[in-house]
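Novice: Numbering follows this note's numbering, in which position 309 of the sequence shown is assigned residue number 920; successive positions increment by one, without gaps.
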Amino acid sequence: MKNRQATEDIALGIRRRVFEHTMRNGGGYLSQACSAAEQFAWLYNEELNLGEPTLPMVPKPFTGVPSATNVSYHTGAGYNGPAEPIYDRLIIAPAHYALVAYATLIEVGRMAPAGLEMFNKDGSSVEMIGAEHSPGMEVHNGTLGIGLSTGAGLAFGRKRRGESGRVWVYMSDGEVEEGQTWEAVQAAAYHGIDNLFAIMDVNKQQCDGAMESVMSVGNIARKLEDFGAVVVEIDGHDIEAMRRAVKTPHSRKPLIILANSSPFRGMKFLERRFPRLHYVRFKSEEERTEMNAAISAELGIAPIKFNAS
């Protein structure tokens, strides 16, 4: 299911949807839309081999946790199509990128815009922090750093069964502060899991501020290579660079694309918030109004109408 719209236009649409949602709801994950929009747009519009969605365009309510008696239980992976051997699978490791993921699903025609109106509502499956039942999500990545391990295990099983579909993991750079990430790379290299692909949003930000102010992680590319991955560093907003990077040979090794990005790309107003950009809350209605005018103009849309809180 490929959207004929240009990938660049989809990225702009992602930013616009996330921005509008943030303005209307008094806060949101804006910097993730700034840094990740091109990456999500490229994955869904060009790179991932996905079948038609198996879940309704308007998401179902949360049906409860999995159990032998809960016949209504399902994961949100159905928005990425059926889990058949020929199709790719996507693991979204940083669950707080959920708002960006939902906006992407809408932009590529896999979820109805009404789904975003259910965001973070009681009883909704459209969680603020994506869970396994949320649209586009297959597993709950809860604790930071377990996404690559999940993807590696899934890819290993698929490889042993002879399935042609790949496993993609979407990551954030904060995950390299967790030891499990490095164990996953090492294990994938040891077992020759070369159907494992990852793209990491290297925006150098996390919930407590700039990465370097929390824990210095050194040269991520060199360390990943030392642990056995094939690594390509690119501009995370350059779609052509993504197209080239994914073609890099990586026999018996996972391929990890480090997408260096800006947490205020397309929303320069946010630069004044640096380095506290993880979740944007408005300090006053005056700031909200000023941000609305500035970013709307940059995104090429009319200012968002919202009720003052």
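Where is the CB? At the ideal position from N, CA and C, for every residue including glycine.
From a predicted model like this one, the values you see are computed outputs, not experimental measurements.
Let me confirm a value: residue 665 is counted as buried when at least 16 other C-beta atoms fall within 10 Å, else exposed. Which label applies?
Specialist: Taking the first residue of the sequence shown as 1, we reach residue 665 at position 54. Result: exposed.
Novice: Using the Cα positions of residue 617 and residue 645, report the straight-line distance between them to the nearest angstrom.
Specialist: By one-based count along the sequence shown, residue 617 stands at place 6. By one-based count along the sequence shown, residue 645 stands at place 34. Going from the Cα of residue 617 to the Cα of residue 645 covers about 18 Å.
Novice: Short of 8 Å in beta carbon distance, which residues of its chain neighbour residue 684, apart from the five on each side in sequence? Order them along the chain.
Specialist: Position 73 of the sequence shown holds residue 684. Closer than 8 Å at the Cβ level, and outside the excluded window around residue 684, lie 674, 675, 676, 677, 678 and 744.
Novice: Output yes or no for whether 8 Å exceeds the beta carbon distance between residue 870 and residue 819.
Specialist: On the sequence shown, residue 870 is found 259 positions in, with the first residue counted as 1. On the sequence shown, residue 819 is found 208 positions in, with the first residue counted as 1. For residue 870 and residue 819, no; Cβs fall outside 8 Å.
Novice: By Cβ distance, which residues of its chain are closer than 6 Å to residue 723, with the 5 residues on each side in sequence left out?
Specialist: In the sequence shown, the residue the question calls residue 723 occupies position 112. Same-chain partners within the cutoff: 668 and 669.
Novice: For the beta strand (DSSP E) holding residue 700, just list the boundary residues, first then last.
Specialist: Here residue 700 is taken as the residue at index 89 of the sequence shown, counted from 1. Looking at the DSSP string, the run of the beta strand (DSSP E) that includes residue 700 is 700-703.
Novice: Could you spell out where the alpha helix (DSSP H) holding residue 837 opens and where it closes?
Specialist: What you label residue 837 is simply residue 226 of the sequence shown in a count that begins at 1. Here the alpha helix (DSSP H) through residue 837 covers 831-837.
Novice: Under a Cβ-count criterion, where at least 16 other Cβ atoms within 10 Å of its own Cβ denotes burial, should residue 656 be classed as buried or exposed?
Specialist: The sequence position of residue 656 within the sequence shown is 45, counting from 1. By the neighbour-count rule (16 or more Cβ atoms within 10 Å), residue 656 is buried.
Novice: Below 8 Å on the Cβ atoms is my guess for residue 784 versus residue 831; work out the distance and round it to an integer in Å.
Specialist: The residue given as residue 784 occupies position 173 in the sequence shown. The residue given as residue 831 occupies position 220 in the sequence shown. Indeed, because the Cβ distance is near 7 Å, the residues count as touching under 8 Å.
Novice: Please report the distance separating the alpha-carbon of residue 627 from that of residue 910.
Specialist: Here residue 627 refers to the residue found at position 16 when the sequence shown is read from its first residue. Here residue 910 refers to the residue found at position 299 when the sequence shown is read from its first residue. The alpha-carbon atoms of residue 627 and residue 910 are separated by roughly 7 Å.
Novice: I want to know whether the stretch 618-625 touches the stretch 692-704 - three or more CB-CB distances under 8 Å.
Specialist: Verdict: no, contact absent.
Novice: Look up residue 778 in the DSSP assignment and give the residues it is bridged to.
Specialist: Here residue 778 refers to the residue found at position 167 of the sequence shown. Answer by DSSP bridge pairing, in chain order: 700 and 807.
Novice: Just to confirm, is the Cβ distance from residue 853 to residue 867 under 8 Å?
Specialist: Taking the sequence shown and counting its residues from 1, the one referred to as residue 853 is at position 242. Taking the sequence shown and counting its residues from 1, the one referred to as residue 867 is at position 256. No, Cβ-Cβ distance for residue 853 and residue 867 is not below 8 Å.
Novice: Residue 869 lies in the beta strand (DSSP E); which residues open and close that run?
Specialist: Taking the first residue of the sequence shown as position 1, residue 869 is located at position 258. Per DSSP, residue 869 belongs to the beta strand (DSSP E) from 866-871.
Novice: For residue 612, does the three-state DSSP call read helix, strand or coil?
Specialist: If you number the sequence shown from 1, residue 612 lands on position 1. Annotation note: pLDDT 43 at residue 612 (below 50); position unreliable, coordinate value reported separately. Three-state result, residue 612: coil.
Novice: Using 8 Å as the cut-off, can you tell me whether the stretch 881-899 makes contact with the stretch 853-864, which would need three or more C-beta pairs spanning the two stretches below that distance?
Specialist: As far as the Cβ criterion goes, the stretch 881-899 does not touch the stretch 853-864, which means the pair count is below three.
Novice: Less than 8 Å between the beta carbons of residue 690 and residue 747, yes or no?
Specialist: If you number the sequence shown from 1, residue 690 lands on position 79. If you number the sequence shown from 1, residue 747 lands on position 136. Going by C-beta atoms, residue 690 is nearer than 8 Å to residue 747.
Novice: Going by DSSP, what residues sit across from residue 672 in a beta bridge?
Specialist: For the purposes of this step, residue 672 is taken as the residue at position 61 of the sequence shown. Looking at the DSSP assignment, residue 672 forms a beta bridge with 735.
Novice: Starting from residue 625 and walking both ways along the alpha helix (DSSP H), at which residues does that stretch end?
Specialist: Here residue 625 refers to the residue found at position 14 of the sequence shown. Element bounds for residue 625: 618-636.
Novice: Going by C-alpha distance, which of 713, 651 and 634 is nearest residue 850?
Specialist: The residue given as residue 850 occupies position 239 in the sequence shown. The shortest Cα separation from residue 850 among 713, 651 and 634 belongs to 651.
Novice: For the stretch 714-730 against the stretch 769-781, do three or more pairs of beta-carbon atoms, one drawn from each stretch, fall closer than 8 Å, so that the two count as touching?
Specialist: Verdict: no, contact absent.
Novice: Between residue 914 and the rest of its own chain, which residues show a CB-CB distance below 6 Å, the 5 nearest in sequence each way excluded?
Specialist: Taking the first residue of the sequence shown as position 1, residue 914 is located at position 303. Around residue 914: 903, 904 and 907.
Novice: Can you give the Cα-Cα distance for residue 900 and residue 858, rounded to whole angstroms?
Specialist: The count along the sequence shown starts at 1 and reaches residue 900 at position 289. The count along the sequence shown starts at 1 and reaches residue 858 at position 247. Those two C-alpha atoms are separated by around 44 Å.
Novice: Do residue 766 and residue 804 have their C-beta atoms within less than 8 Å of each other?
Specialist: Translated into the one-based positions of the sequence shown, residue 766 becomes position 155. Translated into the one-based positions of the sequence shown, residue 804 becomes position 193. The answer is yes: Cβ separation under 8 Å.
Novice: For residue 713, which of 739, 807 and 693 has the nearest alpha-carbon?
Specialist: Working through the sequence shown from its first residue, we reach residue 713 at position 102. Minimum Cα distance to residue 713 is reached at 739.
Novice: Going by C-alpha distance, which of 882, 912, 877 and 918 is nearest residue 897?
Specialist: Within the sequence shown, numbered from 1, the residue matching residue 897 stands at position 286. Checked all of 882, 912, 877 and 918; the closest Cα to residue 897 is 918.
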